[in-house]
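Asker: Residues -27 to -1, 1 to 699 (mature numbering (1 follows the signal peptide of the UniProt record, and there is no 0)) are what the sequence shown spells out, left to right. A virtual CB, placed ideally from N, CA and C, is assigned to each residue, including glycine.
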Amino acid sequence: MNRNTEARLALLGIGLGLGLAAACAQAAPDEAATQQVRARLVASVDAVHAGDRLVLGVHQQIAPEWHTYWINPGDTGLATKIDWTLPPGSAAGKIQWPTPQRFQLGSITNFGYAGDVTLLTEIDVPKELQAGQQFPVQAQVNWLVCRESCIPQKVELRLNLPVLSAGQPSGAGSPLIDAARTRLPVASPWPVKLQYASDHVTLSLVNPGLSRGALDTLAFFPAQRHQLSNELPQTVKVVDNEVLLQLPHGDEPPSAQAALTGVLVVNDPAQPASAARGYTVNSAASPLASQPATAVEAPASASSSITTLASVLLLALLGGIVLNLMPCVFPVLSIKALSLLQHAERPARETRRHGLAYTLGVLASFALLGGLLIVLRQGGAQIGWGFQYQSPGFVLVAAYLMFAVGLSLSGVFSVGASVAGWGSSLASRVGYSGSFFTGVLAAVVASPCTAPFMGAAIGYALTQPAAILLAVFLTLGLGLALPYLLLTHWPALQHRLPRPGRWMERVKQGLAFPMYAAAVWLAWVLAQQAGSPAVAAALGGMLAIAFAAWVFDATRGHARTAIQRSGAGLALLAVTAALLGGQASLGAQPAPQAQQQATSKPSHGAEPYSAERLQSLRSQGQPVFLNLTAAWCITCLVNERVALSDSSVLQAFERAGIHYLKGDWTNQDEQITRKLGEFGRSGVPLYVYYPANAGADPVVLPQILTPQLVLNALQSPTAVSVAGTP
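#1: Below 8 Å CB to CB, which residues in the same chain sit around E4 once its five sequence neighbours on both sides are set aside?
#2: Does the count of Cβ pairs from the region 632 to 648 and the region 596 to 606 closer than 8 Å reach three?
#3: Let me know the beta strand (DSSP E) ranges lying completely inside the region 569 to 624, each 3 residues or longer, listed in chain order.
#4: Which same chain residues end up closer than 6 Å to T332 when comparing Cβ atoms and leaving out the 5 residues on each side of it in sequence?
#5: Flag this pair as touching only if the region 37 to 45 and the region 210 to 219 have three or more C-beta atom pairs under 8 Å; answer yes or no.
#6: For F194 and Q74, what's the separation of their Cα atoms in angstroms?
#7: Using DSSP with H/G/I as helix, E/B as strand and the rest coil, what is V18?
#8: Could you check whether the region 96 to 111 touches the region 50 to 70, counting it as contact only if at least three pairs of C-beta atoms, one from each stretch, sit closer than 8 Å?
#9: Hey, how far is the Cα of L291 from the Cα of L341?
#10: Do the region 623 to 632 and the region 106 to 116 touch if we need at least three Cβ pairs shorter than 8 Å?
#11: So, with DSSP's three-state summary, where would you put residue 749?
#12: Do you know how far the Cα of P125 is from the Cα of N115?
#13: Tell me whether L27 sits in a helix, a strand or coil according to DSSP, three-state version.
#14: Measure the CB-CB distance between G251 and T72 and report whether it falls below 8 Å.
#15: Could you compute how far the alpha carbon of D224 sits from the alpha carbon of T190?
#16: Just verifying my parser: in three-state terms, what is the DSSP assignment at W57?
#17: Compute the distance between the beta-carbons of L682 and A625, then report whether it is under 8 Å.
#18: For V335, which residues of its own chain have a beta-carbon under 7 Å away from its beta-carbon, when the five flanking residues on both sides are left out?
#19: Pick helix, strand or coil for I631, following the three-state DSSP scheme.
#20: Whole angstroms is fine: what's the gap from L205's alpha carbon to T253's?
#21: Measuring CB atoms only, is the region 163 to 171 touching the region 135 to 151, in the sense that at least three cross pairs come out at less than 8 Å?
#22: Just checking, does the region 500 to 515 make contact with the region 367 to 378 on the three C-beta pairs under 8 Å criterion?
#23: On a CA-only basis, which of Q501, Y86, F410 and L92 is nearest V368? Give me that one, please.
#24: From this set, V136, I81 and P46, which residue's C-alpha is nearest residue 726's C-alpha?
#25: If we ignore side chains and look at the alpha-carbon of each, how far apart do residue 750 and A584 end up?
#26: Mind reading off the beta-carbon distance from L176 to L167? Whole number of angstroms is fine, and I expect it under 8 Å.
#27: Taking the beta strand (DSSP E) that S194 falls in, what are its first and last residues?
#28: Roughly how many angstroms separate the alpha carbons of V21 and S143, rounded to a whole number?
#29: Using DSSP with H/G/I as helix, E/B as strand and the rest coil, what is P125?
#30: Roughly how many angstroms lie between the CA atoms of E651 and C123, to the nearest whole one?
#31: Measure the Cβ-Cβ separation of Y663 and P596 and say whether it is below 8 Å.
#32: Round the Cβ separation of G328 and T448 to the nearest angstrom and send it over; I've been treating them as touching at under 8 Å.
#33: Could you check the C-alpha separation between A492 and P365 for me, to the nearest Å?
#34: Just list the residues that DSSP pairs P109 with in beta bridges.
#35: List the endpoints of the continuous beta strand (DSSP E) containing N83.
#36: Alpha carbon to alpha carbon, how far is L188 from T49?
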């Protein structure tokens, strides 16, 4: 599993390109500063001898309320990285990590440093150096600094040390080196035992002589991510002369092949957290393994997240329910309601089974979508809600599907009858299969929509282990299926539906047109992704599908079996030609160029979004309105048409001198994915207003906009920020 990529997805803003532009101001060759961190390269000596081993340190002064990360950053984050450029024959060791602190942001636990910290590295000086020469060193330092938002930053530090002849004193060097050594973890003075159970590890200290106050602060920081849970609490017990610290397992618990290493932190309650003492633990994973603790090369428990998970599941359920009212899903729900009316006289048990079949189709689709997200996340992809619509191939198939459903509703062919031929001869089985298929269809058309409550739930899910991610997605699917499920299980609701009649067939045929409209919209999305030639291929494919539907329906009831088979074969050939021809046309299209054309076109004065442009405007104190959108996001398009294109909003932008930046996520854009992650979002839309004051917090607007909501955000940022924060 690519856990670094997982961390970049779950963090509220990992990978934001803001910091790359902000991290360029160098005050001196050995010193550089950003707004959040001042870095300095220091040495343990003032001069070197050939063949010496010296210690270099990268000292960071971190602004109040901000922090950087340890070797194991925790749930999210990135460890600081130092790339050394040294003369030939030199060698650099690994970073010596000071004892970390724990930082809590809601249910997110991070490990790292606040205030001042120095990262030490041992350097071997070549024996070939001659007295009078210089020993130049250069360090490229990359770190992630976070508060509520996170900024990746990079600086280059240089230091030239003179080379002395043997016997000459090398000098005391920087006092920061000795101060940093006092913060390094040391070997445990007490015997350490580790006992492994099915769901936890028990760390035992024999006769530690710790005070009650120190015991309350005892915490173990694992050097490797995901070995231990950061969500479940680490509990301390005292049994006779032993202190037992119970460490709940994480996603990848320690085993015989993965030793448990880390730092045991003891803090005097009367001292600041930065003064905590760390003791290294390094033990092979065997029952009751007892051995002295040894140094780890580099790496708190979190409170229980049961309440947080319950809240997220509730948000997912509410978001799924609201999805039924979105323009992409409502026609499908209407189709099912008409189906229910057509069979109003059937037994209540059968009606309930149709509701369950529909629900099963929705849940199966959401489980498949969640599983695909997990697989892609393990493969290192940065993905979010609606990610499948970033693939032109998926958009093409979805357009074909919408068109085929429209043909079925228009009466060109019957989906149910075709399912019958593939499934069972029992009429009831056919109906249940149709309900299941409709549930799948509802899930497919729901994925480009984002409803209120969904953003926080999905953003949380994408930072969690696979089981929690699937639980959130299944709950979202349950919310989507719930209205129809209640309708089929609650006779009182059924009685409120209008009586069946000939009008139902007309309404059914009328509902074909939203499906055709969806196919047209997806063809437009395809044009944004792969250019206009791909649209021609898609239209040709739709013509082939229409021909296949007509041939299949015209020949399947023929008395001669040979004609039935010929019709079915011809229909299959036409559908195959549509799929293969469409995909072949996509492979030949310059999709990136098409996207560039789409994103670079100004819309009501909008500029294309880039992290550098946003950072430049913010550093100048300019107000900015950021709109992250996608051509396949119906909610985004409606918001732009209803709110962001409104004359009163545009005039307010012009009066206040607000710069309108628009980021297009139609195709995969890693920069936009990272920006979404900064605000805990997994998909578009995202609307953020940055006030003119560079120090002011950004204002996150709701995902469904009205002109008045936008105007309120511009006039009263604080009030809207609270209401619109995911």
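Answerer: So, from the listed chains and residues:
#1: The residue labelled residue 4 in the question sits at position 31 within the sequence shown. Counting only residues of its own chain and dropping the five nearest sequence neighbours on each side, E4 has a CB closer than 8 Å to the CB of R11, A12, R13, L14 and L130.
#2: At 8 Å Cβ cutoff, the stretches touch.
#3: Counting whole runs of 3 or more residues, the region 569 to 624 contains the beta strand (DSSP E) stretches 597 to 602.
#4: Here residue 332 refers to the residue found at position 359 when the sequence shown is read from its first residue. Hits under 6 Å: A454 and L458.
#5: Between the region 37 to 45 and the region 210 to 219, the count of Cβ pairs shorter than 8 Å is below three; the stretches do not touch.
#6: Reading the sequence shown from its first residue, position 221 is the one you call residue 194. Reading the sequence shown from its first residue, position 101 is the one you call residue 74. Each residue's alpha carbon lies about 9 Å from the other.
#7: The count along the sequence shown starts at 1 and reaches residue 18 at position 45. Looking at V18 - three-state DSSP - the assignment turns out to be coil, as it is neither helix nor strand.
#8: Yes, since at least three Cβ pairs between the region 96 to 111 and the region 50 to 70 fall closer than 8 Å, the two stretches touch.
#9: Counting from 1 along the sequence shown, the entry for residue 291 is found at position 318. Counting from 1 along the sequence shown, the entry for residue 341 is found at position 368. For L291 and L341, the gap between their C-alpha atoms comes out near 21 Å.
#10: Taking 8 Å as the limit for Cβ pairs, the verdict is that the region 106 to 116 does not touch the region 623 to 632.
#11: Missing from the structure shown is residue 749; the chain here goes from -27 to 699 and no further.
#12: As a first step, residue 115 is located in the sequence shown; it is residue number 142 there, counting from the start. As a first step, residue 125 is located in the sequence shown; it is residue number 152 there, counting from the start. Spanning the two alpha carbons is a distance of roughly 7 Å.
#13: In the sequence shown, residue 27 corresponds to position 54, counting from 1. Note: L27 maps to strand in three-state DSSP.
#14: Your numbering for residue 251 matches position 278 in the sequence shown. Your numbering for residue 72 matches position 99 in the sequence shown. It is a contact, given that the beta carbons lie within the stated cut-off.
#15: The count along the sequence shown starts at 1 and reaches residue 224 at position 251. The count along the sequence shown starts at 1 and reaches residue 190 at position 217. Taking the straight line from one Cα to the other gives about 25 Å.
#16: Stepping through the sequence shown from its first residue, residue 57 is reached at position 84. Correct three-state label for W57: strand.
#17: Sequence index remark: in the sequence shown, residue 682 carries index 709 (1-based). Sequence index remark: in the sequence shown, residue 625 carries index 652 (1-based). No, these two residues do not count as a Cβ contact at 8 Å.
#18: To locate residue 335, count along the sequence shown from 1; it is residue 362. G412, A415, A416, G450, L453 and A454.
#19: Within the sequence shown, numbered from 1, the residue matching residue 631 stands at position 658. Correct three-state label for I631: coil.
#20: Taking the first residue of the sequence shown as position 1, residue 205 is located at position 232. Taking the first residue of the sequence shown as position 1, residue 253 is located at position 280. Rounded to the nearest angstrom, the gap between the Cα atoms of L205 and T253 is 22 Å.
#21: Note that the region 163 to 171 does not touch the region 135 to 151; fewer than 3 beta-carbon pairs, one per stretch, sit closer than 8 Å.
#22: Yes, the region 500 to 515 touches the region 367 to 378.
#23: In the sequence shown, the residue the question calls residue 368 occupies position 395. Among Q501, Y86, F410 and L92, the Cα nearest to that of V368 belongs to Q501.
#24: Outside the modelled stretch of the chain, which goes from -27 to 699, sits residue 726, for which no answer is possible.
#25: The chain is shown from -27 up to 699; residue 750 falls before or after that span and cannot be answered.
#26: Locating residue 176 in the sequence shown gives position 203, where the first residue counts as 1. Locating residue 167 in the sequence shown gives position 194, where the first residue counts as 1. Right, the Cβ-Cβ distance comes to about 6 Å (below 8 Å), so this counts as a contact.
#27: By 1-based counting over the sequence shown, the position of residue 194 is 221. A small correction: the amino acid at residue 194 is Phe; Ser does not occupy that position in the sequence shown. From DSSP, the beta strand (DSSP E) with F194 extends over A192 to P195.
#28: On the sequence shown, position 48 is the one that residue 21 refers to. On the sequence shown, position 170 is the one that residue 143 refers to. Cα to Cα, V21 sits roughly 6 Å from S143.
#29: Indexing the sequence shown from 1 puts residue 125 at position 152. Taken through DSSP and simplified to helix, strand or coil, P125 comes out as strand.
#30: Indexing the sequence shown from 1 puts residue 651 at position 678. Indexing the sequence shown from 1 puts residue 123 at position 150. The alpha-carbon separation between E651 and C123 amounts to approximately 7 Å.
#31: Mapped onto the sequence shown, residue 663 falls at position 690. Mapped onto the sequence shown, residue 596 falls at position 623. Yes, Cβ-Cβ distance for Y663 and P596 is below 8 Å.
#32: Along the sequence shown, one-based indexing puts residue 328 at 355. Along the sequence shown, one-based indexing puts residue 448 at 475. Taking a contact as a CB-CB distance under 8 Å, the pair G328 and T448 does not count as one, their CB atoms being some 18 Å apart.
#33: Stepping through the sequence shown from its first residue, residue 492 is reached at position 519. Stepping through the sequence shown from its first residue, residue 365 is reached at position 392. Straight through space, the alpha carbons of P365 and A492 are spaced by roughly 14 Å.
#34: The residue labelled residue 109 in the question sits at position 136 within the sequence shown. Partner residues in the beta bridge of P109, as assigned by DSSP, are N133.
#35: Stepping through the sequence shown from its first residue, residue 83 is reached at position 110. I81 to Y86 is the extent of the beta strand (DSSP E) around N83.
#36: Sequence index remark: in the sequence shown, residue 188 carries index 215 (1-based). Sequence index remark: in the sequence shown, residue 49 carries index 76 (1-based). For L188 and T49, the distance between alpha carbons rounds to 27 Å.
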